[in-house]
Amino acid sequence: MFMQLRRVLFFLVLIISFGVRAQQQDKEQARQYYEMATEIMTSTRAVDDARELMVIAANFDTTNLKANTEAGIMHIRTIQKEQGAIYLLRVFRQSPNFRFDLEYQIGLSYQFGLNFDKAIEFYNKYKLKAGFNTTYKGKDRVEVKEVTRRLEECANGKEFVAAAKAFAITNIGPQINSELDDYAPVVNADETEMIFTSRRREGNLNENVSDDNRPFEDIYVSKREGGSWQPATNIGPIVNTKHNESNIALSPNGNTLFIYRDGVGDGDIFTSTRQPDGTWTKPIPLPGAINSSFRESSITINKDETMLFFASERPGGLGGIDIYSCIKDKKGLWTIVRNLGPGINTEFDDDGPFIDYDGKTLYFSSKGRKGMGGYDIFKATLMNLEKREWTEPENLGYPINTPDDDIFIVGTATPNRFYYSSVRNDGVGYSDIYLISEKEKAPETAKLPEKKGVQPIKFILEVVDAETKQPVEAKARMRGVDNTAIGSASLGTGMFEFGVMSTVPKEYTVSIELEGYIFENIKVMLGRATEEPQTVNRRVLLRKVAIGEISALRHVFFDFGKATLQEASFEELNMMVTMMKQNQSMQVEIGGHTDDVGSDTFNKKLSQQRADAVRVYLTNNGVAGRRIKSVGYGEERPIVSNDDESGGREINRRVEFKVIAK
Numbered sequence: 055m056f057m058q059l060r061r062v063l064f065f066l067v068l069i070i071s072f073g074v075r076a077q078q079q080d081k082e083q084a085r086q087y088y089e090m091a092t093e094i095m096t097s098t099r100a101v102d103d104a105r106e107l108m109v110i111a112a113n114f115d116t117t118n119l120k121a122n123t124e125a126g127i128m129h130i131r132t133i134q135k136e137q138g139a140i141y142l143l144r145v146f147r148q149s150p151n152f153r154f155d156l157e158y159q160i161g162l163s164y165q166f167g168l169n170f171d172k173a174i175e176f177y178n179k180y181k182l183k184a185g186f187n188t189t190y191k192g193k194d195r196v197e198v199k200e201v202t203r204r205l206e207e208c209a210n211g212k213e214f215v216a217a218a219k220a221f222a223i224t225n226i227g228p229q230i231n232s233e234l235d236d237y238a239p240v241v242n243a244d245e246t247e248m249i250f251t252s253r254r255r256e257g258n259l260n261e262n263v264s265d266d267n268r269p270f271e272d273i274y275v276s277k278r279e280g281g282s283w284q285p286a287t288n289i290g291p292i293v294n295t296k297h298n299e300s301n302i303a304l305s306p307n308g309n310t311l312f313i314y315r316d317g318v319g320d321g322d323i324f325t326s327t328r329q330p331d332g333t334w335t336k337p338i339p340l341p342g343a344i345n346s347s348f349r350e351s352s353i354t355i356n357k358d359e360t361m362l363f364f365a366s367e368r369p370g371g372l373g374g375i376d377i378y379s380c381i382k383d384k385k386g387l388w389t390i391v392r393n394l395g396p397g398i399n400t401e402f403d404d405d406g407p408f409i410d411y412d413g414k415t416l417y418f419s420s421k422g423r424k425g426m427g428g429y430d431i432f433k434a435t436l437m438n439l440e441k442r443e444w445t446e447p448e449n450l451g452y453p454i455n456t457p458d459d460d461i462f463i464v465g466t467a468t469p470n471r472f473y474y475s476s477v478r479n480d481g482v483g484y485s486d487i488y489l490i491s492e493k494e495k496a497p498e499t500a501k502l503p504e505k506k507g508v509q510p511i512k513f514i515l516e517v518v519d520a521e522t523k524q525p526v527e528a529k530a531r532m533r534g535v536d537n538t539a540i541g542s543a544s545l546g547t548g549m550f551e552f553g554v555m556s557t558v559p560k561e562y563t564v565s566i567e568l569e570g571y572i573f574e575n576i577k578v579m580l581g582r583a584t585e586e587p588q589t590v591n592r593r594v595l596l597r598k599v600a601i602g603e604i605s606a607l608r609h610v611f612f613d614f615g616k617a618t619l620q621e622a623s624f625e626e627l628n629m630m631v632t633m634m635k636q637n638q639s640m641q642v643e644i645g646g647h648t649d650d651v652g653s654d655t656f657n658k659k660l661s662q663q664r665a666d667a668v669r670v671y672l673t674n675n676g677v678a679g680r681r682i683k684s685v686g687y688g689e690e691r692p693i694v695s696n697d698d699e700s701g702g703r704e705i706n707r708r709v710e711f712k713v714i715a716k
C-alpha cells in the first residue's frame, strides 16, 4: 500500500514538473516573439507583421501584460479591431491599472465591433478614472471630452442600428479590392469603368514604401464586362509617379480625371484628359484659385461642369478639413472660392464631397456630426449657394455607416446606387470598396397588420459557375459558431435564402458543394437582427474540377509549430473527402507552405509534415492513398512577398490542394 502511494506521488510530481517546464517554455517563447515584434516596430514600423508576432506572444503567455496590451492595441490600429478586446481584457482582469487608458481602449474595440452596450460600460469606467486622476498627464491619458464624444457615438450607433436602412452593402470583390487599402472609387455613367486608389504592392510603380512601411498610393482601373469587374491594373506611368497619387473625381462625361498628387507634403489637385485612343494625358495642376499651399484632398464637379466642391486644409475654415465651393466664371476660369459654412462644415474634418447628378444633393463625410464613429456619410440639399443655405445634413445611417471610416461616396446614373470606401468585417483587407444598392421592395398586395418583434436577417446566396456566371444546382448550408444549422429555403436554381435571428453580430460559415466542382467554405459576418427587415446578398463563384486548379484549405488549422490538426479543420477536410468520393478519377497534390520565419530546414520539414497530416486524414476517411500526393514546399512558393507585403506571411502559411488528374 505504501509503495503504491509512493508510486502515485512520484507520477504526480513528474506530471507537475512537466507542466511547470511547459509553462516556462511558453513564457520564454512569448518573450522571444514579443521582442521580435518590438524590433519590427522599432526598425520598420511594419505593424501588420509585428501584430502577427505579438498575437503569438500573447497566446503563448496570457499573463504577459506587455504582449497582450500591444496585441490588443495593434488590432485596434489595424484590422479586426473588435478582436482587440480579447487581449486587453486579459490585462484588465490581472492588472486594471497597467495602462491608464486601458478601459478606453477596451471600449474602443467594443465600439468597432458594434457592441455598443459594452463599449459604453468601459468608456464610463475610464471616464470615472480620468475624473479622479486629473493631475495625471501621461501619453496614455485620453481627455474626458474625447470619451464623452465616444459615448455619444455609441448612443447614436444603437439608434442607427435599431433603425437600419433598407440598403444592401456588397463588397465588390478581390478583382478590385486587395489585402491593403483600396478607396476613392469613381465610375462612369454606365458603370463600365471604375478608377480607384490602392496601396497594394502588385502593379505599384514605386518599389519603395512610405513611412508606415506600406506602398505609396497609385491609381488603378478596372473594366466591367458581362456584369463583372475585371482584375484591376495600374493606370500607368503617365498618371502615376513615385509619389502619392489618388484619383478623386471623374467628370460626368468620363473624359476628365481629377487627381490628388502629393510630392512635397502640400497635396494639390491635378487633371488628366482622356485621349481618343483611351490613354490619359500627363496631369497638370488645376488652374485657378483652388490649389493653395495647403492640402486639397478631394473634389467633385457637377454635370455641366460649371460648379465644383472640394476639401481643403487651408486656414480660415471652421476647423480641420473643410469643404469649399467654386464656380466657373464667364471666361471659363475657376475663380471665387467660398467655404460652405456651418451648414456643412464642423470644427472637425469634413471631406469626400460628391455632387449628385441632380446638381443639388451633396454627399460628404464628416467626423463632426451625429455619427457612429470615424467618418460618417451625410447628404444635404442645396437651397441657395450664394447665401450658403443647405437643408440639415442627414446621416445615411446603418448599414452604410459604421463605427470606422466611411468615405468617398460616388453616385451612379441609377438612383440610390453608390460606390464608397469602408472598413468592415467582411473586407478583403483594410479599407475596401463597396456597392450600395437599394433593397427591392415586394409589391404591396394588401394592407397587412404592422409586424412586431425582431425580424430575421435574410441572407441571400447566389451560386454560379465561375466561367459562365450561370446559376448551378449546388447544395448550400449555413451554420453558426456553435455549429447550429440555419434554416434555408430555395429561391430557384443556385439561389438560397437563410434566416438569421441573432440580436448580436455574429460570424457564420457557409458551405457550398456540387459534384464536378471544387467546394467553397466561406465566412460571413452579419449584424444584429432588429425590428426592421434586413437583407444581405452574396454571390459565390464555383470552379469546375480541372487539372491544374489550385485551392487553399483556409480553414485547416494546426497547433503552433506542429503538424497536429485542430478539430476546427475537420469540417473543411470532410468536404474534401466528399469531393474526392464524388469524383473517383480525381487525383490531387497536397502542398504544405510556410512563410520565411525560421530556418529553411525547419520550414521544409514542418510543411511536409502538415501536408502528410492532411493526406492521412483523407486516407483514414476512405480516399485511396494512390490518389493523393503530399509535398512540403517550405517557403519556396510564396503567393506574395514575405518582405514587402503587409500580411504576406499570413497568406503564405497555408495548405492547398492541386488537381493533377481528373
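Counting from 1, position 513 in the sequence shown corresponds to residue 567 in my numbering; the numbering is continuous, with no gaps.
Each residue gets a CB set at the ideal place from its N, CA and C atoms; glycine is no exception.
Small disclaimer: the values here were computed from a predicted structure and weren't measured.
I390 counts as exposed, since fewer than 16 other C-beta atoms from the protein chains shown sit within 10 angstroms of its C-beta. With a minimum length of 3 residues, the unbroken runs of beta strand (DSSP E) contained wholly in the segment 281 to 350 fall at 298 to 304, 310 to 316 and 322 to 327.
According to DSSP, N393 shares a beta bridge with Y378.
With a threshold of 16 other beta carbon atoms within 10 Å, A600 falls short and is exposed. Excluding sequence positions up to five before and after S347, its CB lies within less than 7 Å of the CB of D320, all in the same chain and listed in chain order. In this structure, A606 sits away from R471, with a CB-CB distance that is not shorter than 7 Å.
For H129, no beta strand (DSSP E) encloses it; the enclosing alpha helix (DSSP H) starts and ends at L119 to R131. Counting along the chain, D536 sits inside no alpha helix (DSSP H), nor does DSSP assign it H or E at all. Two segments are said to touch when three or more pairs of C-beta atoms, one from each, lie closer than 8 Å; by this definition the segment 531 to 543 touches the segment 555 to 573. Cα atoms of V477 and F166: separation of roughly 10 Å, rounded to the nearest angstrom. Under the 8 Å Cβ criterion, the segment 125 to 144 does not count as touching the segment 421 to 432, having fewer than three qualifying pairs.
Following the DSSP letters along the chain, one finds D430 in no alpha helix (DSSP H) but inside the beta strand (DSSP E) bounded by residues D430 to N438. Of all alpha-carbon atoms in P457, V464, T468 and T589, the one lying nearest the alpha-carbon of K512 is that of T589.
According to the DSSP secondary-structure assignment, N151 is paired through a beta bridge with no residue. By the CB criterion at 7 Å, R99 and N122 fall outside the cutoff. Here DSSP, grouped into helix, strand and coil, assigns N591 to strand.
Cβ-Cβ separation between P407 and I377: approximately 5 Å, consistent with a contact (criterion under 8 Å).
About 10 Å separates the beta carbons of R253 and E233, which is beyond the 8 Å limit, so they are not a contact pair. By the Cβ test, the segment 239 to 252 is in contact with the segment 460 to 468, since at least three Cβ pairs between them sit closer than 8 Å. When C-alpha distances from T400 are compared across A583, A365, T584 and I160, the shortest belongs to A365. In this structure, the CA atom of V610 is about 24 Å from the CA atom of P559. Here the alpha carbons of L489 and I230 stand approximately 12 Å from one another. Per DSSP, reduced to three states, the secondary structure at D171 is helical. In the DSSP secondary-structure assignment, V709 is bridged to G646. With a 10 Å radius around the Cβ and a threshold of 16 neighbouring Cβ atoms, N118 comes out buried. Annotated three-state conformation of T673 is helix, per DSSP. For S420, the beta-bridge partners assigned by DSSP are D404 and D430.
In this structure, the beta-carbon distance from Q641 to I714 falls below 7 Å. The Cβ atoms of K277 and E256 lie no closer than 7 Å to each other.
Spanning the alpha carbons of I576 and W388 requires a straight line of approximately 50 Å. By the neighbour-count criterion, in which 16 or more other beta carbons inside 10 Å mark a residue as buried, F186 falls on the exposed side. For D244, no beta strand (DSSP E) run applies, since DSSP gives it neither H nor E. Boundaries of the alpha helix (DSSP H) harbouring A104: V101 to F114, taken from the DSSP string. Taking a C-beta distance under 7 Å as the contact criterion, I223 and T251 do not qualify as a contact pair.
Annotation: the continuous alpha helix (DSSP H) that includes I160 extends over L156 to F166. Residue range I682 to G688 is occupied by the beta strand (DSSP E) that includes G686.
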